[in-house]
Every structure is written in structure tokens, then in C-alpha cells.
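The sequence shown begins at 535 in our numbering and counts up by one. Glycine included, C-beta positions come from ideal geometry on N, C-alpha and C. Worksheet for the structure shown next.
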Amino acid sequence: MQANNIQEKILTFVFWFSAFIIVGILLTIIFYIMYRGFSAIDLNFILQAPRHAGREGGISTTIVGTVYLTLVSLIIAVPLGVGAAIYLEEYASRKSKFAYLVNLTAETLAGVPSILFGLFGFVFFVIFLQMGWSMLSGGMTMAIMILPTITRTSQEAILSVPHDYRENSLAVGASKWQTIHRIVLPSAVPGIVTGIILSIGRTVGETAALILTAGSSLGMPLNLMEPARTMSVHLYILAMEGISMERAFGTAFLIIILIVIINYMANLSLRKLSQAKS
535 MQANNIQEKI LTFVFWFSAF IIVGILLTII FYIMYRGFSA IDLNFILQAP
585 RHAGREGGIS TTIVGTVYLT LVSLIIAVPL GVGAAIYLEE YASRKSKFAY
635 LVNLTAETLA GVPSILFGLF GFVFFVIFLQ MGWSMLSGGM TMAIMILPTI
685 TRTSQEAILS VPHDYRENSL AVGASKWQTI HRIVLPSAVP GIVTGIILSI
735 GRTVGETAAL ILTAGSSLGM PLNLMEPART MSVHLYILAM EGISMERAFG
785 TAFLIIILIV IINYMANLSL RKLSQAKS
């Protein structure tokens, strides 16, 4: 009995120590970036457009480019991903070869490096479809990249809805679609939103695929067919080309702030949805 208690204490210490190390690494990275980048942050840095390849001015156009590309990718990927999840979990037979192929494709795409998505987008959207370096090319490439994440998380969210909900709904005369639309999907919303949040984070932090498809123009994008530079691409170019490390850290600092705001708003919306359901 005493040996079991000692073993339990050792395992508990190992688990707590592992968690402490992970949190410590994360906080170290965040505080280092904040320390190096805080001096570059002011109102002009946020509101002004970059000048002289980013050596002067701010990053306003890259913020706009990041928001636009994220919205384009979500508008394309969310309906497709959630629709595929509904088909796989609610309509497809467990023995369906097509459903097996869809699942296998989603799992395979989830493990493909982002640079390969970028090469595909460059060859197919930029060259073959003659879209050029544009927000539409970048947005469609990112939509393909985040599609597996949205599909798989939506599947898990739909699967977590108790089967009794479906049976009770069908028992009172509701159709299959009415049951999905009014019972299953509202119950699965928190999990679906989680997948969308993860996708937003990947879109905001992506660099390689967007350089090849969306371009790296410092101008303000006015329509979907114009090139744009995202904040992560701007950070990469500033740092790798040695243009300005101070502004690179400032951009990284704002990316962290943007991700924190997105997560806060998503958690706030999840709490409100949960309260509304209860």
C-alpha cells in the first residue's frame, strides 16, 4: 500500500513538472517577444502603411491583408468542412467506401506540410487558373489547408451529441434534416467553433503557403484579385532579409495580441451559447 502511494506521488510530480515545463516554455517565448517588440509598438505602427520595404512606417496593410485572407478561407472552408462532417456522421453508412475515402483524405491532408499546399496553390490557382498572386488564390489555398481541421473537429462535435437526442426528435415526427438542423448542430456548436478557432490560428500564423499564393505586396488590397501581405509573411521577410529586427518583433507582438483577442472573443461567444442553450 505504501509503495502504491509513493508511486502515485512520483507520477503526480512528473505530471505537474511536465505541465510546468510546457507553460514555462510558452511564457518564456511570449515574454521575450513582448520585451523585444514593445518598444516598436505605437499608434503610428498600427495605423500607418509600411514604407521602404518595411524599414519605416507601420503594418496597417498587413493587418488588413491578414483579416481579409482569414475571412476568405473561412467562408470557403467552414461550409464545406461542416457539411462533410454532417454527411460522414449522419448520412453515410459505416461500411461506405466513399465515406472511408473522405475520412482517409481528411487525415492525409492534415499531415501534409504547408509548403506543399503552397506549391499546389501556386501551380493550380496562380498559374493554371490565372488568378495570379492574389487574396483569392491565398484564401482558397488556406481553405484547403484548414479544411481537414474543421472537418475532423466538427465530426467529433457531432459524434459527441447523445444518440437519444436524435431518437427523441425522430419519434415526435421531425424529419432527418430537421433533427440535424435543430437538435444536433446546436448541441455541436461549441466543438465546431473550437475547430474554427484552431483554423483561424493556423491561418494567421501561416507563411510559406501564402508567400507562394497571396504574394507579398505592401500595398492596401482593394479587391480579392490583388496581392496582399499578411502579418506573418511581413514578420518573416523583415527578419530573414535583415530589414528591421525591431519591427519584426513588433509585428510578432501584435500577432500574439491578435490571437489572444480571437481566443477571448471565441470563449466569450461559447459561454453565451452555452448559457442560451441552458
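Secondary structure of residue i, DSSP reduced to three states
{"i": "Gly776", "result": "coil"}
{"i": "Gly591", "result": "strand"}
{"i": "Pro584", "result": "strand"}
{"i": "Glu701", "result": "helix"}
{"i": "Thr562", "result": "helix"}
{"i": "Ala708", "result": "coil"}
{"i": "Gly725", "result": "helix"}
{"i": "Pro761", "result": "coil"}
{"i": "Val636", "result": "helix"}
{"i": "Glu740", "result": "coil"}
{"i": "Ala748", "result": "coil"}
Per-residue burial, residue i [other beta carbons within 10 Å of its own, 16 or more giving buried]
{"i": "Leu769", "result": "buried"}
{"i": "Pro696", "result": "exposed"}
{"i": "Val557", "result": "exposed"}
{"i": "Phe659", "result": "buried"}
{"i": "Val548", "result": "exposed"}
{"i": "Leu719", "result": "buried"}
Reference residue i; option with closest CA among the options
{"i": "Ser721", "options": "Gly735, Gly592, Arg700 and Gly739", "result": "Arg700"}
{"i": "Val646", "options": "Met774, Leu681 and Gly666", "result": "Leu681"}
{"i": "Ser733", "options": "Val706, Leu772, Ala644 and Ser750", "result": "Ala644"}
{"i": "Glu760", "options": "Gly739, Ile777, Val738 and Ser668", "result": "Ser668"}
{"i": "Ile597", "options": "Asn797, Asn539, Thr687 and Ile789", "result": "Ile789"}
{"i": "Glu690", "options": "Asn637, Glu775 and Ile540", "result": "Asn637"}
{"i": "Ala677", "options": "Asn702, Ala743, Gly725 and Ala708", "result": "Ala743"}
{"i": "Met799", "options": "Ile731, Leu756 and Ser751", "result": "Ile731"}
{"i": "Ala519", "options": "Lys543, Ile555, Ala553 and Tyr566", "result": "Look at the range of the chain in this structure, 535 to 812, and you will see that residue 519 is not part of it."}
{"i": "Val601", "options": "Val727, Asn757, Phe579 and Phe572", "result": "Asn757"}
{"i": "Gly615", "options": "Ile692, Lys543, Gly776 and Leu560", "result": "Ile692"}
Other residues of its chain near residue i: CB distance less than 6 Å, five sequence neighbours each side excluded
{"i": "Ser627", "result": "none"}
{"i": "Ala633", "result": "Leu622 and Ala626"}
Beta-carbon contacts of residue i that lie in its chain and below 7 Å, excluding the five residues immediately before and after
{"i": "Ala782", "result": "Leu769, Leu772 and Ala773"}
Own chain residues within Cβ distance below 8 Å of residue i, not counting five before or after
{"i": "Leu603", "result": "Met669, Gly672, Gly673, Met676, Thr737, Leu744, Ala748, Ala762 and Thr764"}
Ordered list of beta strand (DSSP E) runs contained in the stretch 594-632, each at least 3 residues: none
Any beta strand (DSSP E) of 3 or more consecutive residues that is wholly inside the stretch 655-689: none
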